[in-house]
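These notes are about the structure you will find just below.
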Amino acid sequence: MSDEQGVTARETYDPHSSIDKWLRLWREERLFEAEELTPASPKDEQRTLVVSMFPYPSGDLHMGHAEVYSISDTMARFARMRGQQVLNPIAWDSFGLPAENAARKRNLDPRDWTYGNIDIQAESFERLGISFDWRTRFHTSDPEYYRWNQWLFLKMFERGLAYRKEAPVNWCPSDETVLANEQVIQGQCERCGTDVVKRNLTQWFFRTTAYAQRLLDDMEQLQGKWPDEILSMQRNWIGRSTGAHIDFQIEGRSEPVRVFSTRPDTLYGATFFVVAADSALADELCDAEHRVAFEEYRAGLASKAEMERLAIDRPMTGVFLGRYAVNPVNGERLPTYAADYVLADYGTGAVMAVPAHDQRDLNFARAFGLPVRAVVDTGEPDPADTGIATAGDGVLMNSGPLNGLRKEAAITAVIADLEERGVGHGAVTYRLRDWLLSRQRYWGTPIPIIYCDSCGAVPVPEEQLPVKLPEGGYTLRPEGGKSPLETASAWVEVNCPACGQQARRDTDTMDTFVDSSWYFLRYPNPRYKDGPFDPAGMAAWLPVDEYVGGKEHATGHLMYARFFTKVLHDLGLVPFTEPFTRLTNQGQVIMNGKAMSKSLGNLVNLQEQIAQHGPDAVRVTMLFASPPEDDIDWADVSPAGSVKWLARVWRLAGDVGNASPAPANPTGDLDLRKVVHRLVDEATQAMENKRFNVGIARMMQLTNMLRQAVDRQPGSGDGAVQEGTAALVRMLSCVAPFTAEECWVRLGHESSVLKAGWPDVDSALLVEEKVTCVVQVAGKFRDRIEVSPDISEEELRELAFRSQKVRAALDGTSVAKTIVLAPKLVNFVPARG
């Protein structure tokens with residue numbers, strides 16, 4: 001009887017009917033709990049920590065959640081089925097701007113909005129069959145968690161890694177808060193898309209630049225384990241540059257101004273000097289005569305986004321400051337300008353302008369009628385004539401003692417000259433800037449600093465942590481550009497811990513990337529009270545073995561987590577320097593070739609898909625559509641097709657479970673067993689390599705093959721069929737857990753399939769005694785011969801040439817070339833007549 005016939009209504013596959021039963025059993029038998037969260041023994045290869053980047057509770061789960069957690073859960077289930085102790089934890093990244101904005105819009109407390117969404121997501125995770133160890137659950141907005149954000153901040157403050165300064169910062173006018181550089185995408189706020197502007201504010205920073213080189217060097221540990229694309233993005237973001245620091249004396253100023261240049265060989269080509277218009281240096285250098293023009297110019301910069309300022313194809317603007325810089329190698333007086341194309345927080349906020357060999361400098365020089373002097377002969381036309389800067393290598397000219405040298409030799413010579421004069425030296429700089437962590441919002445970790453008129457910035461004593469957010473007495477949408485915490489006067493006013501006088505709390509909160517930079521360390525014991533994480537639990541489970549998340553976090557969260565881990569290592573708190581051993585990036589779930597969005601009207605509702613097809617079919621569809629790193633276009637996939645396959649497995653399990661055993665041959669057909677073991681072996685290799693789509697394809701092949709065997713001998717109970725069906729169901733449990741449990745019961749088992757483990761493969765059954773070799777003449781099929789799989793090329797060539805069909809096709813023509821791909825193919829290429 002085929003699996004499409006003879007099925008009664010009672011025996012119809014229902015993807016929803018058994019969900020509650022299995023959720024209850026999994027919970028009662030605690031099947032997803034690691035035996036010990038904090039075992040005494042250190043970590044070994046038998047313990048695996050699988051972590052997905054934790055969710056933000058903006059509402060119910062969406063299609064992206066279904067994808068990433070289907071991937072990580074499959075990894076966790078596969079490792080568990082193979083006998084490993086697995087910790088598959090869950091927490092919520094519950095602080096942040098979206099929750100605050102949602103609360104403002106609805107006139108709610110952010111707590112109510114956030115924790116309500118968390119409860120919804122938690123239930124949806126369970127009903128999707130995600131095998132979390134729920135003992136690990138915590139939320140970053142819990143005071144028990146964020147007290148350790150504050151504790152770690154104070155440790156960094158003690159070491160000089162947390163500091164406060166006034167600086168131009170990224171400001172989102174819509175969200176009314178500061179943004180880190182990593183939160184600005186092409187000049188716009190990553191959250192709301194508003195053009196970001198610059199404002200001068202006094203803010204807190206983490207000194208990430210102190211770890212720039214280590215962040216680069218330690219990538220060697222990640223090579224081959226992280227995607228090359230992510231490592232490349234991080235290297236580019238850190239942006240290591242070698243060159244020289246050069247000191248320019250400014251007429252009328254005692255201290256020189258230092259600039260960094262990657263091309264100190266072009267120093268003789270400098271014809272003017274530029275400082276960032278919004279920098280303190282520009283304000284200092286401007287003389288009285290040019291003050292009004294300078295102030296007017298600088299006032300117009302606030303509305304300009306950084307991307308606009310750095311653009312090459314735009315009119316260049318600036319203002320003369322009335323001062324001159326002196327070139328240290330030839331004494332030339334260089335007029336000094338304030339301009340918007342130099343940024344205050346890049347390098348020193350000042351540059352020597354070499355217009356012949358830098359396009360922005362050249363555009364500025366042409367706009368202001370400044371000299372253009374080529375000092376490197378690259379073989380290209382003179383930039384003064386073409387308006388196109390020449391930035392390549394060549395022979396130095398117009399450069400005094402450097403004339404005739406090429407780039408590298410000239411750089412070495414000019415650095416030696418600068419060092420001898422005491423006006424410069426060789427240097428390395430980084431594009432990476434310090435992490436700006438102050439946020440003018442309510443829903444975040446309060447910064448544990450108190451400001452006293454007598455004592456200055458005073459750390460909150462550890463015994464007074466956590467500094468909790470006020471639960472009343474504040475205005476979530478204050479006027480006049482204030483942060484919400486500024487309005488909580490009863491909370492703000494406090495006595496100084498050092499002298500007891502009246503003082504004020506810091507009214508900013510921390511960037512939520514602080515929360516996500518170390519959360520994974522707390523998973524083994526989230527109730528630990530004696531520190532941010534339990535040393536025993538960390539030693540048993542960390543670092544993370546498998547980390548899953550989007551590549552959009554390449555230069556944000558992943559960089560910050562690596563920085564935090566190195567700081568914690570230096571504090572003696574963790575024994576490793578990299579937090580995530582292996583990284584898997586998932587693609588996006590898109591619709592009709594585009595990212596899903598309300599404005600495009602192409603959103604796909606996850607709960608509707610689950611209601612229609614069941615959680616297992618949604619999981620299978622996600623995993624079967626493509627490798628994890630590729631995008632999934634929901635318009636091109638078929639959850640209905642996944643339902644049909646799962647129904648076929650379910651019916652197969654019922655037929656095999658109801659069949660009578662065949663005592664004469666308990667192991668069954670040998671050829672069938674070989675196919676079963678080959679497909680199991682191929683599925684195993686695919687799962688090990690995270691090619692879940694290939695693993696599912698092999699399960700589908702196995703389903704078809706077993707179905708055909710059952711249909712040939714209905715009710716026979718062949719041993720190979722029974723073995724193969726059991727193997728299929730055990731593998732299925734990693735991708736379709738509810739269906740697999742039902743199938744396991746239909747096969748006659750009483751316990752959960754999760755206890756059965758991954759099927760073993762008999763290597764002896766994988767050996768092919770004979771393989772079929774195709775023989776061609778001029779690329780056309782002529783014969784088929786059976787050969788040993790380990791036959792040599794020479795033996796195969798001779799054997800194929802003896803074929804009468806091959807000789808007839810050659811018809812006496814000599815062979816010009818023979819192509820042998822042992823043991824599968826031989827192609828004889830005849831000589832041309």
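Numbering (the UniProt record's numbering), first residue to last: 1 to 833. All residues carry an ideal CB built from backbone N, CA and C; glycine is no exception.
Legend entry - the region 80 to 94 / the region 744 to 760 touching (three or more Cβ pairs under 8 Å): yes
Inset, instruction - Starting from K770, follow its DSSP beta bridges and name the residues at the other end. - result: Indexing the sequence shown from 1 puts residue 770 at position 770. Beta-bridge pairing links K770 to no other residue.
Legend entry - Straight-line gap, residue 849 to R240 (C-alpha atoms, nearest Å): The requested residue 849 is not part of the displayed model; the chain covers only 1 to 833.
Legend entry - Selected residue, minimal CA-CA separation from E166, among S279, D247 and D218: Numbered from its first residue, the sequence shown carries residue 166 at position 166. Here the closest residue by C-alpha is S279.
Legend entry - Nearest-angstrom Cα separation, counted from K529 out to E408: The sequence position of residue 408 within the sequence shown is 408, counting from 1. The sequence position of residue 529 within the sequence shown is 529, counting from 1. Cα-Cα distance, rounded: 57 Å.
Legend entry - Residue of D506, P459, A498 and C496 minimising C-alpha distance to K482: Here residue 482 corresponds to residue number 482 of the sequence shown, with the count starting at 1. Taking only the C-alpha atoms, the option nearest K482 is D506.
Inset, instruction - Please determine if the region 251 to 271 and the region 331 to 349 are in contact, where contact requires at least 3 C-beta pairs separated by less than 8 Å. - result: yes
Legend entry - Contacting residues, own chain, Cβ-Cβ under 8 Å from G6 (five flanking each side not counted): As a first step, residue 6 is located in the sequence shown; it is residue number 6 there, counting from the start. Only weak support exists for where G6 lies, its pLDDT of 38 falling under 50; the coordinates are left without a value.
Legend entry - Helix, strand or coil at A664 [DSSP, three-state]: Position 664 of the sequence shown, counted from the start, is the residue given in the question as residue 664. With a pLDDT of only 46 at A664, under the threshold of 50, the placement of this residue in the model should not be trusted, and no figure is reported.
Inset, instruction - Have a look at G695 and F564 and give me their C-alpha separation to the nearest angstrom. - result: Residue numbering aside, residue 695 sits at position 695 when the sequence shown is read from its first letter. Residue numbering aside, residue 564 sits at position 564 when the sequence shown is read from its first letter. For G695 and F564, the distance between alpha carbons rounds to 37 Å.
Legend entry - Bounding residues of the alpha helix (DSSP H) (the contiguous stretch that carries Q701): Working through the sequence shown from its first residue, we reach residue 701 at position 701. Taken as a continuous stretch (DSSP letters only), the alpha helix (DSSP H) holding Q701 covers F692 to R712.
Inset, instruction - Look at the Cβ atom of F95, then the Cβ atom of G549, and state whether they are nearer than 8 Å. - result: On the sequence shown, residue 95 is found 95 positions in, with the first residue counted as 1. On the sequence shown, residue 549 is found 549 positions in, with the first residue counted as 1. No, the Cβ-Cβ distance between F95 and G549 is not below 8 Å.
Legend entry - E786 and T772 closer than 8 Å at C-beta: For this step, residue 786 is matched to residue 786 along the sequence shown. For this step, residue 772 is matched to residue 772 along the sequence shown. Contact: yes.
Inset, instruction - For my contact list, T581 and V656 are in at a C-beta cut-off of 8 Å; report their separation, rounded to the angstrom. - result: Translated into the one-based positions of the sequence shown, residue 581 becomes position 581. Translated into the one-based positions of the sequence shown, residue 656 becomes position 656. 40 Å between Cβ atoms; not a contact.
Inset, instruction - Taking 8 Å as the threshold, find out whether the region 416 to 428 comes into contact with the region 58 to 72 through three or more Cβ pairs. - result: no
Inset, instruction - Hey, could you find the ends of the beta strand (DSSP E) R323 is sitting in? - result: As a first step, residue 323 is located in the sequence shown; it is residue number 323 there, counting from the start. Segment G318 to V326, the beta strand (DSSP E) holding R323.
Legend entry - Among G369, K105 and R562, nearest to L222 - alpha-carbon criterion: Position 222 of the sequence shown, counting from 1, holds the residue named residue 222. It is R562.
Inset, instruction - Throw me the rounded Cβ distance for the K198 and L301 pair, which I believe falls under 8 Å. - result: Sequence index remark: in the sequence shown, residue 198 carries index 198 (1-based). Sequence index remark: in the sequence shown, residue 301 carries index 301 (1-based). Sure, about 7 Å apart at Cβ, within 8 Å.
Inset, instruction - Could you tell me which uninterrupted alpha helix (DSSP H) segments, each at least 4 residues in length, are contained entirely in the region 101 to 144, listed from first to last along the chain? - result: 110 to 127
Inset, instruction - Would you please verify whether the beta carbon of A686 is less than 8 Å from any beta carbon of chain C? - result: In summary, chain C is missing from the structure at hand, where a single protein chain is found.
Legend entry - Sufficient close CB pairs (3 or more, under 8 Å) joining the region 536 to 543 to the region 510 to 526: yes
Inset, instruction - Check the DSSP bridge columns for Y451 and list the partner residues they point to. - result: Reading the sequence shown from its first residue, position 451 is the one you call residue 451. The partner list for Y451 (beta bridge, DSSP) reads A457 and R504.
Legend entry - Range covered by the alpha helix (DSSP H) that runs through A353: By one-based count along the sequence shown, residue 353 stands at place 353. Unbroken run through A353 is the beta strand (DSSP E), A350 to A353; no alpha helix (DSSP H).
Legend entry - In DSSP terms, what S261 is bridged to: Mapped onto the sequence shown, residue 261 falls at position 261. Beta-bridge pairing links S261 to A244.
Inset, instruction - With DSSP as the reference, please indicate the residues paired to M591 in a beta bridge. - result: Along the sequence shown, one-based indexing puts residue 591 at 591. Note: M591 sits in a beta bridge opposite K594.
Legend entry - Other residues of its chain near A554: CB distance less than 7 Å, five sequence neighbours each side excluded: Along the sequence shown, one-based indexing puts residue 554 at 554. Counting only Cβ-Cβ distances below 7 Å, and skipping sequence neighbours, we find I230, M233 and Q234.
Inset, instruction - Hey, could you find the ends of the alpha helix (DSSP H) R360 is sitting in? - result: As a working note, residue 360 is residue 360 in the sequence shown. Where R360 is concerned, the enclosing alpha helix (DSSP H) stretches over Q359 to F368.
Legend entry - Nearest to N88 (by Cα), restricted to the options S52, I118 and I120: One-based indexing of the sequence shown puts residue 88 at position 88. N88 has its Cα closest to that of S52, out of S52, I118 and I120.
Legend entry - Chain-order list of residues whose beta-carbon lies under 8 Å from that of P532 (same chain, five-residue window excluded): Reading the sequence shown from its first residue, position 532 is the one you call residue 532. Excluding sequence neighbours, P532 sits near W148, W151, L152, W518, L521, R522 and L573.
Legend entry - Under the three-state DSSP convention, the category L301 falls into: To locate residue 301, count along the sequence shown from 1; it is residue 301. L301: coil per DSSP, three-state reduction.
Inset, instruction - Pull up the distance between the alpha-carbon of P57 and that of L432, whole angstroms please. - result: For the purposes of this step, residue 57 is taken as residue 57 along the sequence shown, with counting starting at 1. For the purposes of this step, residue 432 is taken as residue 432 along the sequence shown, with counting starting at 1. Cα to Cα, the separation comes out at about 30 Å.
Inset, instruction - Compute the Euclidean distance between the alpha carbons of A162 and V514, then round it to the nearest angstrom. - result: Residue numbering aside, residue 162 sits at position 162 when the sequence shown is read from its first letter. Residue numbering aside, residue 514 sits at position 514 when the sequence shown is read from its first letter. One C-alpha to the other measures close to 12 Å.
Inset, instruction - Check the C-beta distance from I250 over to L285 and give it rounded, since I have them as a contact under 8 Å. - result: By 1-based counting over the sequence shown, the position of residue 250 is 250. By 1-based counting over the sequence shown, the position of residue 285 is 285. Correct: roughly 6 Å between the Cβ atoms.
Inset, instruction - Take the Cβ of K566 as the centre, count every other Cβ of all protein chains shown within 10 Å, and call the residue buried at 16 or more, exposed below. - result: The residue you call residue 566 lines up with position 566 of the sequence shown. K566 should be labelled buried.
Legend entry - Proximity to E723 [Cα-Cα], best of T684, L672 and S438: As a position in the sequence shown, residue 723 is number 723, starting the count at 1. Selected option, being the one with the closest Cα: L672.
Inset, instruction - Out of E463, R439 and R24, state which residue places its alpha-carbon closest to the alpha-carbon of T512. - result: Within the sequence shown, numbered from 1, the residue matching residue 512 stands at position 512. Of E463, R439 and R24, the residue nearest in Cα terms is R439.
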